[in-house]
Amino acid sequence: MAASASDNEARPGKSGGNMPNMAVFDEARAQEIIAEHIGLEGPLLPILHAFNEEFGYVDDAAVPLIAQALNITRAEVHGVLTFYHDFRRVPAGRHMLKICRAEACQSRGSEDVARRCLSELGVDWHQTTRDGELTVEPVYCLGLCASGPAALLDDEPLGQLDPKKLAGAVEEVCGS
Amino acid sequence: MTRIFIPKDVAALAIGADKVAKKIAEIAAARRLDVTVVRTGSRGMFFLEPLVEVETAAGRIGYGPVAPADVPALFDADFLNGGAHSLRIGRPEDHPYLARQTRLTFARCGITDPLSLVDYAELGGWRGLKRAIEMGPPAIVNEVTQSGLRGRGGAGFPTGIKWKTVADTQADRKYVVCNADEGDSGTFADRMVMEGDPFMLIEGMTIAAIAVGATKGFVYCRSEYPHAIRTFNEALRLARCGGWLGPDVAGSKHSFDIELRVGAGAYVCGEETALLDSLEGKRGIVRAKPPLPAHKGLFQRPTVVNNVLSFAAVPFILAEGGKAYADFGMGRSRGTMPIQIAGNVRYGGLFETAFGLTLGEIVNDIGGGTLSGRPVRAVQCGGPLGAYFPPSLFDTPFDYEAFTARDGLIGHGGVVVFDDTVDMAQMARFAMEFCAIESCGKCTPCRIGAVRGKEVIERIMLGTNVDANITLLEDLCQTMKFGSLCALGGFVPYPVMSALRHYPEDFRPRAAAVAAE
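From first to last, the protein sequence lines are chains A and B.
Numbering-wise (this note's numbering), the first sequence opens with residue 3 and increments by one.
Numbering-wise (this note's numbering), the second sequence opens with residue 401 and increments by one.
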């Protein structure tokens with residue numbers, strides 16, 4: 003698998019695997035999501051999270067819709083969207099691997115585990131494998147600080163990792 | 401019927417607790433044994449996870465760490481009746497790791513089903529809230545003040561004073577906000593509360609709401625904790641159904657409800673004013689103080705913002721009295737602190753104890769030294785913005801003031817152990833890099849200082865003008881420490897300067913260091 007920057011990996015519409023949350027951006031559905039959350043106090047983050055979950059990212063086309071509904075400027079929505087690490091502006095791979103890079107995991111050899119994993123996948127941090135299977139993100143602490151090196155593969159926590167164990171877990175989810 | 405207890409804490413799941421539970425259920429079914437598996441929080445002894453406990457005539461007997469492959473042998477050894485096996489640890493509460501602790505906040509964690517209202521009430525739950533409702537707001541605030549409880553998130557501000565400020569401020573609406581944005585590496589106590597004893601947090605927040613006259617609460621939990629989010633949301637639903645939240649809390653005239661909000665991966669949102677902005681739907685940018693959140697907090701209303709552990713300490717304080725809590729501890733650090741022993745350590749886990757143990761006792765006696773078996777070289781206390789302590793400072797007592805006197809902080813109680821393979825220049829560089837990634841960008845010392853700091857350390861690591869660059873780095877740290885708006889830029893000099901001070905050899909040119917050996 004060769005590296006490809008995630009920015010070039012915009013492949014809306016591709017769905018499958020265990021990630022049901024990949025869908026084509028759909029304005030009607032977008033309006034529904036906004037309507038579901040608009041009654042909350044401070045609804046912007048919950049709305050952006052809901053977009054992230056539904057579509058796998060927050061499409062640029064959603065920004066004016068949200069701005070209109072919340073009576074704020076598009077710049078304000080853009081500002082929030084780009085401030086937080088979690089909100090994606092392009093779709094991710096079908097699976098998401100978050101490897102902890104914080105100090106407690108580092109003390110147990112996480113940097114070596116991460117380097118080996120990235121090298122085997124042929125990607126760098128924030129990138130998606132060319133087949134669109136897996137996006138790898140750094141994460142700064144999963145609260146598994148006495149059980150590291152740790153990672154989160156989709157929703158599955160992984161602890162006491164070594165390069166082989168992580169490769170096995172990735173293969174199990176993504177296929178070889 | 402035999403009850404078997406297996407944690408579903410994410411730290412147990414990460415090393416196979418679900419597979420163990422499945423295997424136990426399969427074999428029990430095949431052998432036609434009448435067992436029920438109860439999923440609990442974690443006891444916090446992560447070196448024994450997955451820890452399987454069996455209810456026997458002699459009490460609960462633990463076995464751990466159990467791998468799925470061990471399960472048939474456990475059945476063969478009659479573990480359902482506490483049979484002998486090499487993984488048998490006896491009664492968990494007699495295990496030295498637990499026996500040495502004083503568990504006030506974590507009294508139930510790992511013992512009960514976290515989502516059982518029956519278990520919670522049976523093991524002392526809601527007693528604090530019931531007493532709070534009887535005694536009324538001013539007396540609640542007095543009780544918390546008398547307990548000496550200080551903010552467990554890191555700043556150590558007296559909780560009673562904060563509550564009194566909010567109680568005394570008039571407003572049409574007040575809020576209680578729980579900071580569950582536990583971003584510090586080496587900490588997991590908030591997560592364990594939310595996964596292992598969520599009703600305790602709900603009870604603590606509700607007591608706070610009654611004390612200050614708030615009607616709405618928010619828990620701001622980081623998105624990196626999906627399991628805690630699921631468990632806590634379910635706990636909220638159950639608490640509402642049970643009448644513990646809603647228009648008449650526990651049958652009283654008080655109205656209070658809690659909503660869980662999920663962060664979005666920004667470390668700086670652990671800073672309380674950035675957290676409030678984030679809750680409001682803005683970028684998580686630090687606010688200048690004053691006004692204090694107690695006067696103008698969420699949506700400009702008076703707001704109590706406390707850490708999970710601060711709220712979690714409150715039910716005990718109300719149930720047993722402020723004095724009972726204050727009887728633990730030393731100096732101005734009263735009560736207990738859930739210390740989180742993490743990193744390259746043999747016996748990692750949660751260790752709740754009264755303030756006052758020395759760092760050496762925590763790392764060597766309790767933690768058992770490094771997991772790798774190599775000598776301990778550095779211990780970082782208080783998260784990524786905390787100082788590195790060398791073994792020569794292991795006599796420092798775990799206490800807010802004692803750590804401050806040694807240019808460190810206990811923060812949220814995380815203790816991360818490193819062995820002698822650690823490169824402290826690399827750790828200093830990482831501290832700056834992390835600050836650069838996570839800076840909210842509002843103030844210049846943090847936004848630009850962190851980037852420049854990383855560059856300067858990289859030049860030092862390459863051996864370029866080392867003395868001049870070390871002077872520059874020290875100067876930059878002074879600027880960041882005193883010129884930053886919040887603790888992110890203001891505290892990142894702690895790890896950097898402590899690394900420089902205690903491990904100067906790591907900042908000398910590598911070629912020279914190799915030649916000198």
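Think of the CB as a built atom: it goes at the ideal place given N, C-alpha and C, for glycine as much as any other residue.
No experiment lies behind these values; they were computed from the predicted model shown.
- For residue 88 of chain A, the neighbours in chain B by C-beta distance under 7 Å run, in chain order, 623, 664, 665.
- For residue 883 of chain B, the closest alpha carbon among the candidates B:861, B:850, B:899 is that of B:850.
- Runs of the alpha helix (DSSP H) lying entirely within the segment 547–633 of chain B and spanning at least 4 residues, in chain order: 559–568, 589–596, 598–612.
- Against chain A, the beta carbon of residue 584 of chain B has neighbours under 8 Å at 143, listed in chain order.
- Within chain A, 105 have C-beta atoms less than 7 Å from the C-beta of residue 780 of chain B, given in sequence order.
- Of the candidates B:457, B:431, B:683, B:580, the residue whose Cα lies closest to the Cα of residue 625 of chain B is B:580.
- Secondary structure note for residue 878 of chain B: its alpha helix (DSSP H) is the uninterrupted segment 866–883.
- In this structure, DSSP gives residue 541 of chain B a helical state, which the three-state scheme calls helix.
- Judged by DSSP secondary structure, residue 80 of chain A falls outside any beta strand (DSSP E) and instead within the alpha helix (DSSP H) spanning 76–85.
- Listed along chain A, the residues sitting closer than 9 Å to residue 822 of chain B by beta-carbon distance are 108, 109.
- In this structure, the CA atom of residue 27 of chain A is about 14 Å from the CA atom of residue 94 of chain A.
- Contact between residue 645 of chain B and residue 656 of chain B holds, since their C-beta atoms are separated by about 6 Å, short of 8 Å.
- Runs of the beta strand (DSSP E) lying entirely within the segment 761–823 of chain B and spanning at least 3 residues, in chain order: 776–781, 814–819.
- In the structure shown, residue 490 of chain B falls within a strand segment according to DSSP collapsed to helix, strand and coil.
- Beta-bridge partners assigned by DSSP to residue 463 of chain B: B:452, B:488.
- DSSP places residue 405 of chain B in the strand class (E or B) of the three-state scheme.
- The beta carbon of residue 744 of chain B sits closer than 7 Å to some beta carbon of chain A.
- Taking 7 Å as the threshold, the shortest C-beta distance from residue 487 of chain B to chain A does not fall below it.
- Annotation: Cβ neighbours of residue 684 of chain B in chain A (cutoff 8 Å, chain order): 85, 86.
- Distance check between residue 766 of chain B and each of B:785, B:729, B:731, B:817 places B:817 closest, using alpha-carbon atoms only.
- Residue 440 of chain B carries a strand assignment under DSSP once its states are collapsed to helix, strand and coil.
- Listed along chain A, the residues sitting closer than 8 Å to residue 587 of chain B by beta-carbon distance are 143, 145, 147.
- When the alpha-carbon of residue 531 of chain B is set against those of B:769, B:718, B:811, B:548, the nearest one is in B:718.
- In this structure, B:908 is the residue among B:433, B:514, B:621, B:908 with its C-alpha nearest to the C-alpha of residue 824 of chain B.
- In the DSSP annotation of this structure, the continuous segment of the alpha helix (DSSP H) that includes residue 844 of chain B starts and ends at 844–862.
- The segment 575–591 of chain B and the segment 140–157 of chain A touch, with no fewer than 3 CB-CB distances between them shorter than 8 Å.
- Not flagged as an interface residue toward chain B: residue 58 of chain A, since no C-beta distance is shorter than 7 Å.
- In the three-state reduction of the DSSP assignment, residue 159 of chain A falls in the strand class, which pools E and B.
- Per the DSSP secondary-structure output, residue 139 of chain A pairs in a beta bridge with A:100.
- Here the alpha carbons of residue 406 of chain B and residue 435 of chain B stand approximately 12 Å from one another.
- Interface annotation, residue 414 of chain B: in contact with chain A, CB-CB separation under 7 Å.
- The beta carbon of residue 671 of chain B is closer than 7 Å to those of 686, 886, 887, 888 in its chain, skipping five residues each way along the sequence.
- In this structure, DSSP gives residue 735 of chain B a state outside helix and strand, which the three-state scheme calls coil.
- When Cβ pairs closer than 8 Å are counted between the two stretches, the segment 71–89 of chain A is seen not to touch the segment 105–113 of chain A, the count staying below three.
- By the criterion of a C-beta distance shorter than 6 Å, residue 614 of chain B is surrounded in its chain by 574, 575, 576, once the five residues flanking it on both sides are discounted.
- What residue 817 of chain B touches in chain A, judged by beta-carbon distance under 8 Å, is 109, going in chain order.
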